[in-house]
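This report refers to the structure that appears directly beneath it.
Numbering (our numbering), first residue to last: 1220 to 1655.
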């Protein structure tokens, strides 16, 4: 072997020993993607600030309307009290008017009775051809004493009747005045009751309007608060996306640094190997050997298994994972979103298979149904380490990698992590897929 060939062999050995030191490159988001993500987060933050200000104003307005409702309620209470007082006063005025009417009616009856008695007296005097104070009443007197007695009697009867009639007439006038005053008081009380009733109606209507305005403002405030909460959640998601992209960038930079160190180490070793080969004495040429056979399938299977096992503990993320490693999950509008998979960097079941088999040069699609048809079908009873196990019609529900001994490695579901599990036979497909 010549020095040059020896150096080449030594260099190949050096490089082959370090080729697997650095894993495949992780995702490397562009500056534009990171900037756009930051801009979206900033916009969400500004929107939250705006909504916070509007919500503060709405809450202040809500308090004003609540105070207004309280004021209107008190006015309604006042109107209700005034109305009840007016009703009571009107009722008292009605009783007073009824009493005055009774007194007036009694006075009228007394006047009528006095007039009737006087009329009877006059009629009797006329029937006797005598009138009060007339001279005929004095005829028949038998002595001066009798004449004087008759004069005194007639004067007394006439004066008493006339005085009684005058008193009754005065009482009737007083009763009539009392009745008139009572009716006037009743009219004023009824007018006051009517006004109080109208004031109560207006106050009640104003109270209802105030309550309706407060309810409308409360509804608007609640809607605004709901919008703010929604935007705050979007802000959290946007900031999470920024954090995720920045983390991906840091991971990529770390990978790049490692790759540079590896290349520098390879170059150093290559230079050392070349120098050592140049200094060594020439060796006799060895007989030519046939080219080495390709690595057996078993070693490729072990690479696949090792790559899958190396991801144990990585979080499940629906839609996550590719040929190079874990990635952000994607939204599904349902269960995965409720677990926040789109904010997590991890694998789903088919994404884990993509990454594991990429190490052996097999690049699978990101769908378990397609992966089911990516190789040779082998009966489940004959499955071997490195075979893919499937569940559901056409293998479209779930996929895992068989390890042997009844165990498998899988990315099971949202909220879980990549793990080793016993093979589950419920809903399992009757065939496994053998790619290697």
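Heads up, the beta-carbon is just placed ideally off N, CA and C, and yes, glycines get one too. Predicted model, so just to flag it, every value in this text is computed and none were measured.
Measuring C-alpha to C-alpha distances from residue 1650 to each of 1467, 1609, 1525 and 1548 identifies 1609 as the nearest. Where residue 1577 is concerned, the enclosing alpha helix (DSSP H) starts and stops at 1568-1577. When DSSP states are grouped into helix, strand and coil, residue 1616 belongs to the coil group.
Between residue 1636 and residue 1524 the beta-carbon gap is near 18 angstroms, outside 8 angstroms, which marks them as no contact. DSSP places residue 1628 in the strand class (E or B) of the three-state scheme. According to the DSSP secondary-structure assignment, residue 1247 is paired through a beta bridge with no residue. Separation of the CB atoms of residue 1390 and residue 1320 is rounded to 15 angstroms, and the pair is thereby denied contact status at 8 angstroms. The distance from the Cβ of residue 1638 to that of residue 1531 is about 6 angstroms, consistent with a contact at the 8 angstroms cut-off.
Burial state of residue 1272 is exposed, judged by a 10 Å Cβ sphere holding fewer than 16 other Cβ atoms. Taking a contact as a CB-CB distance under 8 angstroms, the pair residue 1561 and residue 1544 does not count as one, their CB atoms being some 17 angstroms apart. Assignment of beta-bridge partners to residue 1607 by DSSP yields 1620 and 1652. Three or more Cβ pairs closer than 8 angstroms define a contact, and the stretch 1397-1413 falls short of that threshold against the stretch 1257-1273.
By the Cβ test, the stretch 1254-1262 is not in contact with the stretch 1417-1433, since fewer than three Cβ pairs between them sit closer than 8 angstroms. Rounded to the nearest angstrom, the gap between the Cα atoms of residue 1441 and residue 1285 is 15 angstroms. Residue 1547 is bridged by DSSP to 1564.
Judged by their CB atoms, residue 1323 and residue 1394 are nearer to each other than the 8 angstroms cut-off. For residue 1557, the enclosing alpha helix (DSSP H) covers residues 1554-1557. Around the Cβ of residue 1361, a 10 Å sphere holds fewer than 16 other Cβ atoms; the residue is exposed. In this structure, 1537 is the residue among 1541, 1570, 1537 and 1566 with its C-alpha nearest to the C-alpha of residue 1554.
Across the structure, residue 1628 and residue 1556 are spaced so that their CA atoms are roughly 24 angstroms apart. Counting of Cβ neighbours within 10 angstroms places residue 1454 among the buried residues, the total reaching 16 or more. Pairing residue 1566 with residue 1539 gives a Cβ-Cβ distance under 8 angstroms. Inclusion of residue 1652 and residue 1591 in the CB contact set at 8 angstroms is warranted, their separation being smaller than that value. Under DSSP, residue 1641 shares a beta bridge with 1626. In this structure the stretch 1466-1482 does not lie against the stretch 1301-1311, because fewer than three pairs of beta carbons, one per stretch, are closer than 8 angstroms.
According to the DSSP assignment, residue 1597 belongs to the beta strand (DSSP E) that extends over 1595-1598. Under DSSP, residue 1541 shares a beta bridge with 1544. The Cβ-Cβ distance between residue 1620 and residue 1607 falls below 8 angstroms. Judged by DSSP secondary structure, residue 1588 falls within the alpha helix (DSSP H) whose first and last residues are 1587-1591. DSSP lists 1610 as the beta-bridge partner residues of residue 1647. For residue 1306, the three-state secondary structure derived from DSSP is helix. For residue 1412, the closest of 1618, 1366, 1311 and 1584 by C-alpha to C-alpha distance is 1311. Each residue's CA atom was taken as its position, placing residue 1275 and residue 1248 some 39 angstroms apart. The residue among 1584, 1634, 1245 and 1644 with its C-alpha nearest the C-alpha of residue 1600 is 1644.
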